[in-house]
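Numbering (the numbering used here), first residue to last: 1 to 253.
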Amino acid sequence: MSTPNNTNRRTFISKTVKGGLALGIGFSSAAPLLSCAAVKHTNRSAIKTGFDQQPLPYAYSALENVIDTMTMEIHYSKHAAAYSKNLKDAAIAEKVEMTNPLEDVLVNISKYSAKMRNNGGGHYNHEMFWQCMRPKTENNAPTGNLLSAITKQFGTFDNFKKQFSDFGKNRFGSGWAWLYINKENQLMLGSTINQDNPLMDVAEIKGFPLLGLDVWEHAYYLKYQNRRADYIENWWNLVNWDYVAERLHSYHI
Ligand SMILES: [Fe+2]
């Protein structure tokens, strides 16, 4: 089973990003971001996800004041761990080769069971979600090419945040808000229900996820109760923009 640890994965990402830069692969605008050489869309990302849960890249308490320690512990060790376990059970039952990337399953998820859809999405989304956060940073914002791409597409960073936040606030019930890049190389915003994501062939929005926000109540209820909007507003202080930039770069490798 292919289970690269975080260090290896991040090293690989770092190398691929540097490789892309060395080749002069970059971007300065959002639409189109790149006139990249034709590569099969679903295979363009250098970031691949395995079936095992990877270590949390920080302590449960590292996000305190925005997301409390108990929420993080329950979220990671109970909810997300269960998605990984149930995904692997489904993979065995449905004869999915777990040495292949999970992304290969997600892009064809309509061919699999509801158990695979719910838990495959749940595992993928959470593995990404942990990486999309870091300890609170004041005046937290993207820089460089990522900031340029966002402002090109959405006018201002504040406007981008408002539109993204609205997708999270307005998602009825449980789901996710997303920044993703579509096959036309445009940055897009949207939301998905339950544990769906833009990789899935069944999703209403389609593309490669760059930033995801979990708006299930299990992500915030202990601290925020019904105040999802407050959770979202505070969450912006946690976004790991370096990781989001890595994902955008990796998409173009
Ligand atoms: Fe969650």
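Heads up, the beta-carbon is just placed ideally off N, CA and C, and yes, glycines get one too. Bear in mind the structure is a predicted one, so any value in this text is a computation, not a measurement.
> Given 8 Å as the limit, is there contact between the stretch 168-186 and the stretch 198-214, that is, 3 or more CB pairs closer than that?
Replying inline: yes
> Which class does residue 177 belong to by DSSP, given the choice of helix, strand or coil?
Replying inline: strand
>> Going by DSSP, what residue range makes up the alpha helix (DSSP H) through residue 72?
In response: 69-74
> How should residue 198 be labelled, buried or exposed, when 16 other C-beta atoms within 10 angstroms of its C-beta is the threshold for buried?
Replying inline: buried
> So what does DSSP say about residue 188, is it helix, strand or coil?
Replying inline: strand
> By Cβ distance below 8 Å, which residues in the same chain neighbour residue 202 in space, the five residues on each side in sequence not counted?
Replying inline: 109, 110, 117 and 196
>> Check this for me: beta carbons of residue 62 and residue 72, under 9 Å apart or not?
In response: yes
> What is the chain-ordered set of residues for which the beta carbon lies under 6 Å from any non-hydrogen atom of ligand 1?
Replying inline: 75, 79, 126, 214, 216, 218 and 219
> Taking 8 Å as the line, does the beta carbon of residue 244 fall inside it for any heavy atom of ligand 2?
Replying inline: What this structure holds is ligand 1, not ligand 2.
>> Could you give the first and the last residue of the continuous alpha helix (DSSP H) run that contains residue 89?
In response: 81-93
> Where does residue 125 land, buried or exposed, given buried means 16+ other C-beta within 10 angstroms?
Replying inline: buried
> Are residue 136 and residue 238 touching if we call contact CB-CB under 9 Å?
Replying inline: yes
> Nearest CA to the CA of residue 139: which residue from 66, 236 and 167?
Replying inline: 236
>> Check for me: the alpha helix (DSSP H) holding residue 157 runs from which residue to which?
In response: 157-170
>> Applying the 10 Å Cβ sphere with the 16-neighbour rule, what's the burial state of residue 245?
In response: Counting of Cβ neighbours within 10 angstroms places residue 245 among the buried residues, the total reaching 16 or more.
> Roughly how many angstroms separate the alpha carbons of residue 34 and residue 248, rounded to a whole number?
Replying inline: Annotation note: pLDDT 38 at residue 34 (below 50); position unreliable, no value reported.
>> By DSSP's criteria, residue 212 is part of a beta bridge. Which residues make up the other side?
In response: DSSP lists 178 as partners of residue 212.
> Rounded C-beta distance between residue 191 and residue 171? I'm assuming under 8 Å.
Replying inline: 5 Å
> Is residue 231 closer than 9 Å to residue 243 when the C-beta atoms are compared?
Replying inline: no
> So, is residue 250 buried or exposed, given that buried needs 16 or more other C-beta atoms within 10 angstroms?
Replying inline: buried
> Three-state secondary structure (DSSP) at residue 200?
Replying inline: Coil.
> By how many angstroms is the C-alpha of residue 214 removed from the C-alpha of residue 48?
Replying inline: 20 Å
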